Structure formats: C-alpha cells, structure tokens
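**Student:** Sequence lines, in order, name chains A and B. Residue 354 in the UniProt record's numbering sits at position 354 of the first sequence, and the numbers go up by one each step. Residue 63 in the UniProt record's numbering sits at position 63 of the second sequence, and the numbers go up by one each step.
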Amino acid sequence: MGRQVVVPFGPQHPVLPEPIHLDLVLEDEKVVEAIPRIGYVHRGLEKLVEKRDYKDYIFIAERICGICSFIHSVGYSQGIEALMEIEVPARAEYLRTIWSEYSRLHSHLLWLGCFADSMGFENLFMQSWRIRESVLDVLEETTGGRVIQGSCKVGGVRKDIAAPQLTQMKAGLDILQSEVDDLVAVFTDEPTIKSRTVGVGHLSKKDAWELGAVGPMTRGSGIKSDMRMLGYGAYEYLDFKPVTHDDGDCYARCLVRAEEMSVSIDLIRQAIDAIPEGEIEVKVKGNPDGEYFSRVEQPRGEVLHFVKGGGKKNLLRHRVRTPTMANVPALVKTLAGCQMADVPVIVLSIDPCIGCMER
Amino acid sequence: MAYLSKSPWILHYDASSCNGCDIEILACLTPRYDVERFGIINTGNPKHADILVITGGVNEQNRSVIQNLYDQMPHPKVVVGVGICACTGGIFKECYNIAGGVGEILPVDVWVPGCAARPEQIIDGIVKALGILEQKRADMSRAEAGA
Ligand code: SF4
Chain A
1 MGRQVVVPFG PQHPVLPEPI HLDLVLEDEK VVEAIPRIGY VHRGLEKLVE KRDYKDYIFI
61 AERICGICSF IHSVGYSQGI EALMEIEVPA RAEYLRTIWS EYSRLHSHLL WLGCFADSMG
121 FENLFMQSWR IRESVLDVLE ETTGGRVIQG SCKVGGVRKD IAAPQLTQMK AGLDILQSEV
181 DDLVAVFTDE PTIKSRTVGV GHLSKKDAWE LGAVGPMTRG SGIKSDMRML GYGAYEYLDF
241 KPVTHDDGDC YARCLVRAEE MSVSIDLIRQ AIDAIPEGEI EVKVKGNPDG EYFSRVEQPR
301 GEVLHFVKGG GKKNLLRHRV RTPTMANVPA LVKTLAGCQM ADVPVIVLSI DPCIGCMER
Chain B
1 MAYLSKSPWI LHYDASSCNG CDIEILACLT PRYDVERFGI INTGNPKHAD ILVITGGVNE
61 QNRSVIQNLY DQMPHPKVVV GVGICACTGG IFKECYNIAG GVGEILPVDV WVPGCAARPE
121 QIIDGIVKAL GILEQKRADM SRAEAGA
C-alpha cells in the first residue's frame, strides 16, 4: 500500500465546462475517497421570490440552468398552476411536451459529446454537437431562443407552432433519427468507448436506491423511475416506456441516454400527430396560496419544485431539488475505489449540471 | 484586422453562470461555428492562454479563483465577459451571493451582452478582443524597446 496523497480536481478543469471541486484521496493510482466541495456557482436565486412577482419569477426559474432551462420553467409553472387550480389548455400541454422533449434531445446530445470528450474522443464530441445544432435550430425557430427559450408561462405558453411548421418539424425528425442512429452506433459498438466505460464506476441497484439517485443514473442501475410516468403535461396521452439497463456502469448510463433520444423523437412525433387545436393560455388572476411539490423529469432526472404562497404577489418559498444534487452521493460512492484516470469519465457519467445543483 | 499574428488560446471560466452562456461558448468550437479553424483553441491551462473568457456574475467563492487564473496568465492578456450576467449580474444581480459582474474584479476589455449570448456574438467579441490583444502586444514591445 502506498502513501496517501490528495490531488485536487477542479474547480477549473478542462473536462468541466462548469466548476466543481473534488479532493481526490489517492493511494498510488487508486482513488480511495473523493470529497466534493461545491458552491462555486451558487447565486442564491431562491431568495429572489421575495423580490419578484410569482409570474415574473418564471424567468429566474428558467435560468436555474441553461441546459435544463425549459423543463425548469415547466416544473415551476406546474407548481403554481396546481396551487391556483388553473386548468391549462390542452394545446399548451402538448406544446410544453414537444419543447421539453427537444430540450432533452439537445441535452443528451450535449452530454454524449462531453462524455466522449472526457475520454479524449474529440471527433465524437464534434459529431454529437454537430447533430445537436439541428435540434437547437428547431428550438430557435419555434421559440426564439437557442438555450433559454422563455416560452413557458404560468397558465400556458407564450408561443404557438403553426401546422405547416409542425409538419416540417416531423420531416426534420426523420433526418435527426437517422443521424442519431449513426451516432449511437458508435457509442454502443466502438471498442475505445467500451474499454473506457464497461465495468467502470459501478453503482449497484441497491446503492442507487439507498443513495436516492435519480434519472439515467438509477435507470442505468436497473430501477424504473421516470417522472414522465406520472403523466404530467401531455405524457398521459402519449405512449412511452422508460429505458433501463441493469449493469450500473458508465456504459449502461451511456446506453440509457443514447436510447432515450429515440424515445424523445418518438414522443415528439406522437405529440405532433395528436396536438389539439385551441387556446394556448388562460388568464391568471389572483395570487397563489398554499404549498405544492411539483415533480418533472429533466434530462438528468427528477427535479422537484416546491412552491409555497401566502396569498400575496410574492411567494413565501421556492425550493428546488435538482437531479445533480440528488446524484452527488451516488457519484462519491462510485468514485471510491476507481482509477485516477477514470475520474473524468465517472464524473461525466452522472451528467453533472452544476448550475442546476447550486442555483 | 487583416490577419492574426498568433493563434489565440482562450481560457474559459464559469463564475456562477446558469451555464447557458457556457454551452454557447463550447458551441463556438463545434462544426457549425468552428473557431478552431482560425487557430483559436479552448485550453484548460491558464499559462497557455491569451484570452480569459468569463461567464456569470461573480460569486463570493469564485473571486479568488478568478483572480488566481488571471494572475497565472502571461502578458499580454485580455478579458472577455460573456452574457449579461458577466456584464452586470443580469437577472441575478440582486442575489445575495452575486458581486454583480466580472468588472468588479478584473479589468474587462470586451463585453458580450445577451442571455444567452449567441455563438455569433461570442465570436464577434473574441475577434474584437484579438484586436485589443494585438494593441497590447505592440504597446508592450514599444515599452520594452524604449526601456
Ligand atoms: S446571461 Fe443568461 S444564459 Fe448567460 S449565464 Fe446569465 S442567465 Fe445564463
């Protein structure tokens, strides 16, 4: 047994677009323990509910994170709508679902790229992000924003998508599907990827459950947990099955996300086919009173928006439990005992979204 | 600016942004925008960097990190603040943990507003920064020759 040394990882590190710090306790090349230190991007935005009208606060809720942005705004507005018993028009529910799934696609493509980059597979990073641009184009054409859309509001959505554009989007999805298939084939079959991910960063089903992991992290360990099964938005009317894999290693998590892209494409297709005509928003009157937990599925897993109002313009409390926060205990667990060289790959495998985590 | 006399390398640090701007900076490197063809590389090492690109309003824990990164970069260097958060603190300006923009800590040469700043804007900002970098380099060599 060698002497123990502590190697700092982050907060600024080539593989991380965002800052997180890990103290890696090493024995030779083996990581004995990883101690996370967070707070580098903490802004304290939950406190802003005291200064902003609950209707305007949605812009802040959306900016919890630039990747999961749209789904945060959905989670927040669903919370308020449930509190105030607002009936959102069906068309708005479908539009929200369509945009949510596009967000998931862009997030997963982004992640696949970063994951490839974490093992030095630059070309694959470029390919993933090249495909991602076509998803961002659709988001931009329909909402006006690439990564921050601002199209969800309390009581519905701000923008409608016209029928010809929906048809066009469907044609785009066919191209996207074939590109995604080619990309996913590399991730599933390439020996380089397998050699870096199979058996690396193992998380057992029991640990995933006990440590409260969420999203692809649990689904990669064989637990069927997906908030979309609750049937919020238009998911109730659409047909889908959560993707799970049983191995619990980085490869399994990669496969979960890769396969989820096809599920998302399929969901968008179904939603476009079934979208009803009608209004896209209702007038919101009054102020929220009471409290509500709103749960929606982010690309990274379950996000919880707790809203509490006291009959005033401003909420009393807004609390978010984001997927990355839930996944950090599992991350620390999987890092213990791994090889130093595998640290970037394992860190990336939880799809860390520090902006979300620290708010 | 007719040509670049050097391949400028950038160092990117997220000083408490929502990471919307950060992924747009990454997008600049990817095939559609592909700034690497101009020799612009995103490096992880401050000692290799010419341009410090910062996103987000600076929070308390980040102050020392940013100063540290800046100090480690060789002269001449320029700082680009990307996103409205980096400019003023933006939507998070009133948060208790936000200093209110990178200008509070470092001398910023180029501001790129927008929420999120789009890749085209970011590239514009970097190109502008290159001009300033050239200028600083010329000033430095003149000062050296004079000394
Ligand atoms: S400017 Fe907007 S997109 Fe950029 S970091 Fe700030 S909130 Fe996020």
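The beta-carbon is built from N, C-alpha and C at its ideal position, and this holds for glycine as well. Just so we're clear, the structure is a prediction, and the values are computed from it rather than from any experiment.
Below 8 Å on the Cβ atoms is my contact criterion, and I expect G355 (chain A) with I64 (chain A) to pass it. Report the Cβ-Cβ distance as a whole number of Å.
**Tutor:** One-based indexing of the first sequence puts residue 355 (chain A) at position 355. One-based indexing of the first sequence puts residue 64 (chain A) at position 64. The pair is a contact, with the Cβ atoms about 7 Å apart (cut-off 8 Å).
**Student:** With H, G and I counted as helix, E and B as strand and the rest as coil, what does DSSP make of D239 (chain A)?
**Tutor:** Counting from one through the first sequence, the residue named residue 239 (chain A) turns up at place 239. D239 (chain A): coil per DSSP, three-state reduction.
**Student:** Give the DSSP-derived three-state secondary structure of K93 (chain B) in the structure shown.
**Tutor:** On the second sequence, position 93 is the one that residue 93 (chain B) refers to. It is coil, neither helix nor strand.
**Student:** Which residue marks the beginning of the beta strand (DSSP E) containing A92 (chain A), and which one marks its end?
**Tutor:** Here residue 92 (chain A) refers to the residue found at position 92 of the first sequence. From DSSP, A92 (chain A) is part of no beta strand (DSSP E) but of the alpha helix (DSSP H) over 90–118.
**Student:** Going by the beta-carbon positions, is the gap between G150 (chain A) and V88 (chain A) smaller than 8 Å?
**Tutor:** If you number the first sequence from 1, residue 150 (chain A) lands on position 150. If you number the first sequence from 1, residue 88 (chain A) lands on position 88. For G150 (chain A) and V88 (chain A), no; Cβs fall outside 8 Å.
**Student:** Quick one: any contact between the segment 128–137 of chain A and the segment 275–293 of chain A, if contact means 3 or more CB pairs under 8 Å?
**Tutor:** no
**Student:** Is the segment 151–170 of chain A in contact with the segment 67–79 of chain A, if contact means three or more CB pairs nearer than 8 Å?
**Tutor:** yes
**Student:** With DSSP collapsed to three states, give me the class of V82 (chain B).
**Tutor:** Position 82 of the second sequence, counted from the first residue, corresponds to residue 82 (chain B). In the structure shown, V82 (chain B) sits in a strand (DSSP, three-state: E or B).
**Student:** Roughly how many whole angstroms lie between the Cα atoms of D174 (chain A) and N97 (chain B)?
**Tutor:** Start at 1 with the first residue of the first sequence, and residue 174 (chain A) comes out as number 174. Start at 1 with the first residue of the second sequence, and residue 97 (chain B) comes out as number 97. Cα to Cα, D174 (chain A) sits roughly 45 Å from N97 (chain B).
**Student:** Give the residues of chain A in contact with P8 (chain B), contact being defined as C-beta atoms less than 7 Å apart.
**Tutor:** Numbered from 1 along the second sequence, position 8 holds the residue referred to as residue 8 (chain B). Those within 7 Å of P8 (chain B) in chain A number zero; the least Cβ separation is about 17 Å.
**Student:** Please confirm whether P31 (chain B) has its beta-carbon closer than 8 Å to some beta-carbon of chain A.
**Tutor:** Counting from one through the second sequence, the residue named residue 31 (chain B) turns up at place 31. Yes, contact with chain A.
**Student:** Just to confirm, are L48 (chain A) and Y102 (chain A) a CB contact at a threshold of 8 Å?
**Tutor:** In the first sequence, residue 48 (chain A) corresponds to position 48, counting from 1. In the first sequence, residue 102 (chain A) corresponds to position 102, counting from 1. Their beta carbons are not under 8 Å apart, which means L48 (chain A) does not touch Y102 (chain A) by this criterion.
**Student:** Tell me, which residues are paired with F306 (chain A) by DSSP?
**Tutor:** On the first sequence, position 306 is the one that residue 306 (chain A) refers to. Bridge partners of F306 (chain A): A:F293, A:R319.
**Student:** Does the distance from the C-beta atom of N19 (chain B) to that of I67 (chain A) stay below 8 Å?
**Tutor:** Indexing the second sequence from 1 puts residue 19 (chain B) at position 19. Indexing the first sequence from 1 puts residue 67 (chain A) at position 67. The answer is yes: Cβ separation under 8 Å.
**Student:** Using 8 Å for Cβ pairs, my map puts I132 (chain B) next to V78 (chain B). What's the rounded Cβ distance?
**Tutor:** Taking the second sequence and counting its residues from 1, one reaches residue 132 (chain B) at position 132. Taking the second sequence and counting its residues from 1, one reaches residue 78 (chain B) at position 78. Right, the Cβ-Cβ distance comes to about 5 Å (below 8 Å), so this counts as a contact.
**Student:** Suppose the cutoff is 8 Å on Cβ atoms and the five residues either side in sequence are ignored; what does the same chain contact list for N314 (chain A) look like?
**Tutor:** As a working mapping, residue 314 (chain A) is identified with position 314 in the first sequence. Contacts found: V49, E50, K51, R52, D53, Y54.
**Student:** Once the 5 residues before and after G10 (chain A) are set aside, which same chain residues still bring their CB inside 8 Å of it?
**Tutor:** Along the first sequence, read from residue 1 onward, the residue named residue 10 (chain A) stands at position 10. Only L16, P19, I20, H21, L22 meet the Cβ criterion.
**Student:** Quick one, which residues of the segment 83–113 of chain B are near chain A if we go by CB-CB under 8 Å, in chain order?
**Tutor:** So the list reads I91, F92, E94, C95, Y96, N97, I98, given in the order they occur along the chain.
**Student:** Counting along the chain, where does the alpha helix (DSSP H) carrying K206 (chain A) start and finish?
**Tutor:** Position 206 of the first sequence, counting from 1, holds the residue named residue 206 (chain A). Run containing K206 (chain A): 205–210, per the alpha helix (DSSP H) assignment.
**Student:** Distance, Cα to Cα, R37 (chain A) vs Q339 (chain A)?
**Tutor:** By 1-based counting over the first sequence, the position of residue 37 (chain A) is 37. By 1-based counting over the first sequence, the position of residue 339 (chain A) is 339. Between the alpha carbons of R37 (chain A) and Q339 (chain A) lies a gap of roughly 20 Å.
**Student:** What would DSSP say about L106 (chain B), mapped onto helix, strand or coil?
**Tutor:** As a first step, residue 106 (chain B) must be located in the second sequence, where it is residue number 106. In this structure, L106 (chain B) counts as coil in the three-state DSSP scheme.
**Student:** Which class does N19 (chain B) belong to by DSSP, given the choice of helix, strand or coil?
**Tutor:** If you number the second sequence from 1, residue 19 (chain B) lands on position 19. Residue state, collapsed to three classes: coil.
**Student:** Answer yes or no: do V25 (chain A) and E33 (chain A) have a C-beta to C-beta separation smaller than 8 Å?
**Tutor:** Residue mapping note: residue 25 (chain A) aligns to position 25 of the first sequence, counting from 1. Residue mapping note: residue 33 (chain A) aligns to position 33 of the first sequence, counting from 1. Going by C-beta atoms, V25 (chain A) is nearer than 8 Å to E33 (chain A).
**Student:** Mind checking if C152 (chain A) is an interface residue toward chain B, Cβ cutoff 8 Å exclusive?
**Tutor:** Here residue 152 (chain A) refers to the residue found at position 152 when the first sequence is read from its first residue. No, because no Cβ of chain B sits closer than 8 Å to the Cβ of C152 (chain A).
**Student:** At the 8 Å Cβ level, is M357 (chain A) part of the contact set with chain B, yes or no?
**Tutor:** Here residue 357 (chain A) corresponds to residue number 357 of the first sequence, with the count starting at 1. Judged by the 8 Å Cβ criterion, M357 (chain A) is not in contact with chain B.
**Student:** Using C-beta distances below 7 Å, list every residue in its chain close to W209 (chain A), excluding the 5 sequence neighbours before and after it, in chain order.
**Tutor:** On the first sequence, residue 209 (chain A) is found 209 positions in, with the first residue counted as 1. The answer, listed in chain order, is I223.
**Student:** Are the beta-carbon atoms of L109 (chain A) and V307 (chain A) separated by less than 8 Å?
**Tutor:** Here residue 109 (chain A) corresponds to residue number 109 of the first sequence, with the count starting at 1. Here residue 307 (chain A) corresponds to residue number 307 of the first sequence, with the count starting at 1. No. Outside cutoff.
**Student:** Determine the DSSP secondary structure at H12 (chain B), reduced to helix, strand or coil.
**Tutor:** Within the second sequence, the letter at position 12 stands for residue 12 (chain B). In this structure, H12 (chain B) counts as strand in the three-state DSSP scheme.
**Student:** Going along the chain, which residues of its own chain have a beta-carbon closer than 7 Å to the beta-carbon of residue 360 (chain A), five neighbours each way excluded?
**Tutor:** Residue 360 (chain A) is absent from the structure shown; chain A starts at 1 and stops at 359.
**Student:** Between the segment 231–246 of chain A and the segment 86–100 of chain A, can you find at least three pairs of beta-carbon atoms closer than 8 Å?
**Tutor:** yes
**Student:** What's the call for H75 (chain B), buried or exposed, on a 16-neighbour Cβ count within 10 Å?
**Tutor:** The sequence position of residue 75 (chain B) within the second sequence is 75, counting from 1. Result: exposed.
**Student:** Under 8 Å between the Cβ atoms of D34 (chain B) and D22 (chain B)?
**Tutor:** Here residue 34 (chain B) refers to the residue found at position 34 of the second sequence. Here residue 22 (chain B) refers to the residue found at position 22 of the second sequence. No.
**Student:** Suppose contacts are defined by Cβ-Cβ distances below 8 Å. Is K205 (chain A) in contact with S221 (chain A) by that definition?
**Tutor:** Residue numbering aside, residue 205 (chain A) sits at position 205 when the first sequence is read from its first letter. Residue numbering aside, residue 221 (chain A) sits at position 221 when the first sequence is read from its first letter. The answer is yes: Cβ separation under 8 Å.
**Student:** Whose C-alpha, out of A:F59, A:L166, A:C254, A:D207, is nearest the C-alpha of D189 (chain A)?
**Tutor:** Counted from its first residue, the first sequence places residue 189 (chain A) at position 189. Selected option, being the one with the closest Cα: A:C254.
**Student:** Taking Cβ positions only, does S17 (chain B) come closer than 8 Å to chain A?
**Tutor:** Here residue 17 (chain B) corresponds to residue number 17 of the second sequence, with the count starting at 1. Cβ-Cβ to chain A under 8 Å: yes for S17 (chain B).
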